[in-house]
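Residue numbers (this note's numbering): 47 to 377.
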Ligand code: BTN
């Protein structure tokens with residue numbers, strides 16, 4: 047994908063340092079060792095990306111707004127993470143960010159590397175499904191993590207990630223957001239976000255955990271295929287207005303980094319109470335598809351590995367995976 051070049055990035059940095067003020071073309075040229083024409087040309091290129099930069103013949107240039115572009119310089123703008131998104135690989139279009147993440151992880155990419163795309167042509171979901179990933183309106187990204195935990199603990203990381211999505215959306219937009227076990231995120235009982243976590247092992251240990259997040263952000267109803275319209279929603283549909291994907295992504299990255307470090311040290315235990323509070327299904331009667339079996343019972347709790355504890359009469363089943371196909375109305 048077209049990334050902002052080094053000169054473009056430097057000019058943006060200088061303009062952003064003086065919010066609401068004009069910066070002269072001469073100052074920009076001298077600071078960066080460029081000719082004035084080159085500054086003019088670079089600013090025209092930035093405008094083509096969607097940056098709003100106004101100019102005045104006497105005063106110079108004034109920075110107004112940035113486009114909602116998922117590129118490294120925008121994602122990192124004001125992002126206070128120490129580990130996540132220090133390296134960002136962004137694409138206009140690609141098959142699946144999880145697939146690219148696996149290749150990069152295999153060739154030694156550092157922990158926290160973020161792969162992000164404006165569009166996916168082979169977006170993958172859980173249970174062998176596809177993930178509808180049209181251009182511009184959604185967030186499709188993957189983080190490469192290398193937690194010092196045994197492989198059996200890794201799947202619970204997606205529960206932790208789902209909780210961070212819930213918290214980020216509640217904080218940013220003040221809306222009612224819930225999880226549906228294991229890691230779907232729902233608004234008004236419809237899915238707004240899904241998480242696909244994949245484990246790469248080396249010997250008996252974890253080499254990397256690939257955490258892929260797909261979120262419907264600015265999709266309108268007609269952007270979804272007909273068969274998804276009953277079960278999927280987007281932030282724009284629920285809020286009645288479009289929102290900044292960058293803002294959502296940055297908030298997620300900051301909060302997930304904090305919770306990831308906690309998870310790496312203490313596992314799921316510190317998050318279980320909060321998961322219970324944020325769950326649309328715990329304590330409710332549910333129907334679950336597990337492989338080719340259909341089970342029903344009360345979704346009692348999750349255990350420390352993230353398995354669902356399903357109460358069936360006097361028996362309890364511990365389900366490491368599956369899909370809740372129906373749950374009692376709770377809100
Ligand atoms: C689900 O089925 O709920 C999980 C969906 C996960 C989709 C995301 S989009 C970014 C990343 N790349 C993929 O191919 N899948 C995940």
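Just so it is clear, CB atoms sit at the ideal spot from N, CA and C, and this is done for glycine as well. Bear in mind that the values here come from a model prediction, so they are computed numbers and not experimental data.
Rounded C-alpha distance that separates residue 248 from residue 129: 22 Å
Which full runs of the beta strand (DSSP E) of 3+ residues lie inside the segment 204 to 240, going along the chain? 224 to 226 and 230 to 233
Evaluate residue 143 with the Cβ neighbour count: other Cβ atoms within 10 Å of its Cβ, from every protein chain shown; 16 or more gives buried, anything less gives exposed. buried
What is the residue span of the alpha helix (DSSP H) that residue 302 lies within? 291 to 312
Bridge partners for residue 145 per DSSP, in chain order? BP columns for residue 145 are empty, so no partner.
In DSSP terms, what residue 364 is bridged to: 355
When burial is assigned at 16 or more other CB atoms within 10 Å of the CB, is residue 371 buried or exposed? exposed
Taking 7 Å as the line, does the beta carbon of residue 286 fall inside it for any heavy atom of ligand 1? no
Near residue 57, what residues of its chain come up, given a Cβ to Cβ distance below 8 Å and the 5 sequence neighbours on each side ignored? 74, 78, 85, 88, 89 and 92
From residue 214 to residue 299, what distance separates their C-alpha atoms? 10 Å
Between the segment 309 to 318 and the segment 349 to 363, can you find at least three pairs of beta-carbon atoms closer than 8 Å? yes
If you count every other CB in all the chains shown that lies within 10 Å of the CB of residue 240, and 16 or more means buried, which is it? buried
Consult DSSP for residue 264 and reduce its assignment to one of helix, strand or coil. coil
Less than 7 Å separating the Cβ of residue 71 from some heavy atom of ligand 1? no
Is there contact here, the segment 261 to 277 with the segment 196 to 205, by at least three beta-carbon pairs under 8 Å? no
I need the boundaries of the beta strand (DSSP E) containing residue 9, first residue and last residue. Nothing can be reported for residue 9: it is not among the residues displayed for the chain, which extend from 47 to 377.
Pull the bridge partners of residue 186 from the DSSP assignment, please. 163 and 260
Simplified DSSP assignment, three categories, for residue 176: strand
Sequence-distant residues of the same chain with beta carbon closer than 6 Å to residue 71, five excluded per side: 82, 85 and 106
State the beta-bridge partners of residue 336 as determined by DSSP. 339
Could you check how far apart the C-beta atoms of residue 257 and residue 188 are, in whole angstroms? I think they sit under 8 Å. 7 Å
Where the beta strand (DSSP E) through residue 327 begins and ends: Element bounds for residue 327: n/a, residue is neither H nor E.
For residue 117 and residue 292, what's the separation of their Cα atoms in angstroms? 9 Å
Using the beta-carbon count (16 or more within 10 Å), is residue 270 buried or exposed? buried
When 120, 364 and 306 are compared against residue 205, the one with the closest alpha-carbon: 306
Three Cβ pairs or more, each shorter than 8 Å: is that satisfied between the segment 173 to 180 and the segment 322 to 334? no
Thinking C-beta only, is residue 365 closer than 8 Å to residue 336? yes
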